[in-house]
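The structure under discussion appears below in the form of structure tokens.
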Amino acid sequence: MLKVKNLEVSFKTGDGLFKAVKNISFDLQKGQTIGIVGESGSGKSVTSLALMRLLDTDKTVINGEVLLNDVSLCKLSEGDMRHIRGNRMAMIFQEPMTSLNPVLTCGFQLTEAIRLHSGLNKAAAKKKTIELFNEVQLPRPEAIFDSYPHQISGGQKQRVMIAMALSCNPEILIADEPTTALDVTVQKTIIELLLCLKKARQMSLIFISHDLGVIKEIADRVMVMYKGQIVEEANTTDLFDHPSHPYTKGLLACRPSPNQHLKKLPIVADFFDADNIQNKSAVTIENIRTLYHYPESEIETRKAELYKQEPLLTIDQLSTWFPVNTGLLGMSKKVVKAVNNVSFKVYPGETLGLVGESGCGKTTLGRTILRLIEPTAGNISFENTDLRSLKKNELREIRRNIQIIFQDPYSSLNPKLTVGQSIMEPLQVHQFYANNTKRKKHVLELLERVNLLPEHFNRYPHEFSGGQRQRIVIARALALQPKFIICDESVSALDVSVQAQVLNLIRELQQEFKLTYIFISHDLAVIKHISDRMMVMNKGEIIETGYPDDIYYRPKDEYTRNLIASIPQG
Numbered sequence: 001m002l003k004v005k006n007l008e009v010s011f012k013t014g015d016g017l018f019k020a021v022k023n024i025s026f027d028l029q030k031g032q033t034i035g036i037v038g039e040s041g042s043g044k045s046v047t048s049l050a051l052m053r054l055l056d057t058d059k060t061v062i063n064g065e066v067l068l069n070d071v072s073l074c075k076l077s078e079g080d081m082r083h084i085r086g087n088r089m090a091m092i093f094q095e096p097m098t099s100l101n102p103v104l105t106c107g108f109q110l111t112e113a114i115r116l117h118s119g120l121n122k123a124a125a126k127k128k129t130i131e132l133f134n135e136v137q138l139p140r141p142e143a144i145f146d147s148y149p150h151q152i153s154g155g156q157k158q159r160v161m162i163a164m165a166l167s168c169n170p171e172i173l174i175a176d177e178p179t180t181a182l183d184v185t186v187q188k189t190i191i192e193l194l195l196c197l198k199k200a201r202q203m204s205l206i207f208i209s210h211d212l213g214v215i216k217e218i219a220d221r222v223m224v225m226y227k228g229q230i231v232e233e234a235n236t237t238d239l240f241d242h243p244s245h246p247y248t249k250g251l252l253a254c255r256p257s258p259n260q261h262l263k264k265l266p267i268v269a270d271f272f273d274a275d276n277i278q279n280k281s282a283v284t285i286e287n288i289r290t291l292y293h294y295p296e297s298e299i300e301t302r303k304a305e306l307y308k309q310e311p312l313l314t315i316d317q318l319s320t321w322f323p324v325n326t327g328l329l330g331m332s333k334k335v336v337k338a339v340n341n342v343s344f345k346v347y348p349g350e351t352l353g354l355v356g357e358s359g360c361g362k363t364t365l366g367r368t369i370l371r372l373i374e375p376t377a378g379n380i381s382f383e384n385t386d387l388r389s390l391k392k393n394e395l396r397e398i399r400r401n402i403q404i405i406f407q408d409p410y411s412s413l414n415p416k417l418t419v420g421q422s423i424m425e426p427l428q429v430h431q432f433y434a435n436n437t438k439r440k441k442h443v444l445e446l447l448e449r450v451n452l453l454p455e456h457f458n459r460y461p462h463e464f465s466g467g468q469r470q471r472i473v474i475a476r477a478l479a480l481q482p483k484f485i486i487c488d489e490s491v492s493a494l495d496v497s498v499q500a501q502v503l504n505l506i507r508e509l510q511q512e513f514k515l516t517y518i519f520i521s522h523d524l525a526v527i528k529h530i531s532d533r534m535m536v537m538n539k540g541e542i543i544e545t546g547y548p549d550d551i552y553y554r555p556k557d558e559y560t561r562n563l564i565a566s567i568p569q570g
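If you count by UniProt numbering, then the sequence shown holds residues 1 to 570, one letter each, in order.
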């Protein structure tokens, strides 16, 4: 159905042409799902945009052939190609919030697309939109028709995008990282939906992801991309059972496995030297995981040492409620119980994991502990000091010892400040060190510790990758030498390969600086790997607490069982 022959994509730069995709070829059969996997920058998305001819022709050079049923897409006029898009090939993008127009309702945007391609009148287009919303299993389709994108959840926005892509009944659907920003439970339902729609409509599917675990759930055949090239291609079962390329092995190994205890996660670099790709071709995933094995005896010794201490943080019947539906006289009629009657303790040197879906109250709990959000009721005791009773200036002193790493490092860094200035700022506020020369020396040491370079001091946040920005905010959190750090979804937006590096760094820093963590995530596999104990949160309440193995192998609550079932099995 689709034949790609010797496709090359180059970007025009001041230094000449930069090849983003290098001479790739593949075939997509009718009804088949091909998975394309690789890290950010490997050329996956550029390939998909080239297939759809969505790249700026003034800034790119495309060579090779793309044939759809023997019609060369590269030779079509823009008008003819516009007819192909939507009617025969459609695409779902990674971030639905930026793909949907925020000032138009979801229903209007879909009816507009339907009328543009099919010529239906307004009433018929609305009827078809409601039918599509039903097909993609959106709850209350009529209500979502009149809703704006910001009024619905991430999973619902992605379903709207899927409905839009399907509106003209395409033969081929390209899904570019459609589940990356979603909770694992929502991710699972989106994958199941795509498989169901593909079968019902007899479509072909190209599914792009950085996570081989997700690819295994959906693809018949897998292509692994590295630096613009396809380095391995095989049917899914063969690739998972017998990976041959070191890069593929690295991608398979770096995702946390709930069934193993590892001191550190394997990373891609464990499997090959970038300068000599064959250098470690004989190394197996089992070799590396055996090397990093965390013996049960060491885990038990650590537990005994941790829990014989007095707690560092004690949370007692903590609640944070938000008023909604304010009446005429300013009286609130309802409250959202974001955190409701939560109690727990955190011990020095411990990592306490907190897992749950978006909206369960995890982030609100983390911010309430820091009093970035004021609690409605309950007590917060840090080193036997009642944080709720402290005045603003007293709280500032305590916050030196309690830091937070936010989910999105880009929005938590001031774009107008260099990285060095951002890390130095808390040192200046708390008057650490006598002068800026000594502060800069400390910042350079921190950059080195998180595996960044001295020259990064004078660069701005936009000049870094997501993984590098995460290292920067970790360095900033460490600047004041805190005892306790709340890591709020610190790795959820990262490629699995970069996620492994950051998780390893977080654990190394804990041992080196004797840190205590609350680690927040929607991914139970990540929480199980990093935590000494874990809590499961749902609808503002802690529904389960215990050691990771106890919760994973013997969950008590149905909600926990659903989280476990949603972990990709790759």
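Glycine included, each C-beta is placed from N, C-alpha and C at the ideal position.
Remember, predicted model here, so these are calculated numbers, not experimental data.
Cut-off 8 Å between Cβ atoms - residues of its own chain near residue i, not counting five sequence neighbours on either side
i           : result
residue 360 : 537, 538, 539, 540
residue 236 : 35, 215, 216, 219, 220, 221, 222
residue 422 : 413, 414, 461, 472, 476
residue 201 : 166, 169
residue 552 : 258, 524, 528, 564
residue 100 : 106, 109, 149, 157, 160, 161
Residue-level contact to chain D via CB, residue i, 9 Å cutoff
i           : result
residue 553 : Absence of chain D from the displayed structure is noted, only one protein chain being present.
Closest Cα partner of residue i within the set the options
i           : options            : result
residue 58  : 523, 12, 176, 391  : 12
residue 223 : 418, 44, 569, 449  : 44
residue 247 : 357, 379, 229, 258 : 229
residue 378 : 426, 342, 141      : 342
residue 416 : 459, 26, 95        : 459
residue 98  : 122, 90, 121, 157  : 157
residue 318 : 252, 283, 262, 387 : 387
residue 25  : 171, 231, 53       : 231
residue 74  : 8, 365, 37         : 8
residue 82  : 102, 61, 118       : 118
residue 542 : 5, 484, 337        : 337
Residues bridged to residue i (per DSSP)
i           : result
residue 517 : 351, 485
residue 379 : 316
residue 235 : 221
residue 404 : 486
residue 322 : 336
residue 344 : 315
Beta strand (DSSP E) segment containing residue i, residue limits
i           : result
residue 536 : 533-538
residue 17  : 16-28
residue 220 : Run containing residue 220: none; DSSP gives neither H nor E here.
residue 480 : Here residue 480 belongs to no beta strand (DSSP E), and DSSP marks it neither H nor E.
residue 175 : 172-176
residue 10  : 2-13
residue 545 : 541-546
residue 586 : As shown, the chain starts at 1 and ends at 570. That puts residue 586 outside it, with no answer to give.
residue 90  : 89-92
residue 251 : Unbroken run through residue 251 is the alpha helix (DSSP H), 246-253; no beta strand (DSSP E).
residue 205 : 204-209
Close Cβ partners of residue i (< 6 Å) along its chain, the five nearest in sequence each way excluded
i           : result
residue 277 : With a pLDDT of only 47 at residue 277, under 50, the local geometry of the prediction cannot be trusted, and the value read off the model is given with reservation. If we look at residue 277 and ignore the five residues flanking it on each side, it has no Cβ neighbours.
residue 56  : none
residue 250 : 268, 271
residue 255 : 213, 496
residue 529 : 256
residue 531 : 351, 353, 548
residue 561 : 555
Cβ-based neighbour list, residue i, same chain, cut-off 7 Å, excluding 5 preceding and 5 following
i           : result
residue 408 : 493
residue 274 : Only weak support exists for where residue 274 lies, its pLDDT of 44 falling under 50; the coordinates are left without a value.
residue 227 : 42
residue 21  : 7, 8, 9, 43, 46, 47, 50, 228
residue 309 : 347, 348
residue 33  : 198, 205, 207, 218, 219, 220
residue 364 : 320, 338, 339, 373
Extent of the continuous alpha helix (DSSP H) to which residue i belongs
i           : result
residue 35  : No alpha helix (DSSP H) holds residue 35; the beta strand (DSSP E) holding it covers 33-37.
residue 566 : Run containing residue 566: none; DSSP gives neither H nor E here.
residue 412 : 409-412
residue 374 : Run containing residue 374: none; DSSP gives neither H nor E here.
residue 117 : 106-118
Worksheet item: Is the stretch 163-179 close to the stretch 127-143, with three or more CB pairs under 8 Å?
Response: Because the criterion of three Cβ pairs below 8 Å is met, the stretch 163-179 and the stretch 127-143 touch.
Discussion item. Across the stretch 110-117 and the stretch 181-196, are there enough close Cβ pairs to call them in contact, namely three or more that are closer than 8 Å?
Written reply: Output reads no: the stretch 181-196 does not touch the stretch 110-117.
Discussion item. Counting beta carbon pairs with one atom in the stretch 363-373 and one in the stretch 390-410, are three or more of them shorter than 8 Å?
Written reply: With a cut-off of 8 Å, the stretch 363-373 and the stretch 390-410 count as touching, because enough Cβ pairs lie within range.
Practice prompt. Mind the definition here: the stretch 304-314 touches the stretch 380-393 only if three or more C-beta pairs lie below 8 Å; say whether that holds.
Written response: In short, these stretches touch, since the Cβ pair count reaches three.
Worksheet item: Touch check for the stretch 138-155 and the stretch 66-81: three-plus C-beta pairs under 8 Å?
Response: The stretch 138-155 vs the stretch 66-81: no contact.
Item to complete: Could you tell me whether the stretch 508-517 touches the stretch 342-352, where touching means 3 or more Cβ pairs closer than 8 Å?
Response: Judged by Cβ distances under 8 Å, the stretch 508-517 makes contact with the stretch 342-352, as three or more pairs qualify.
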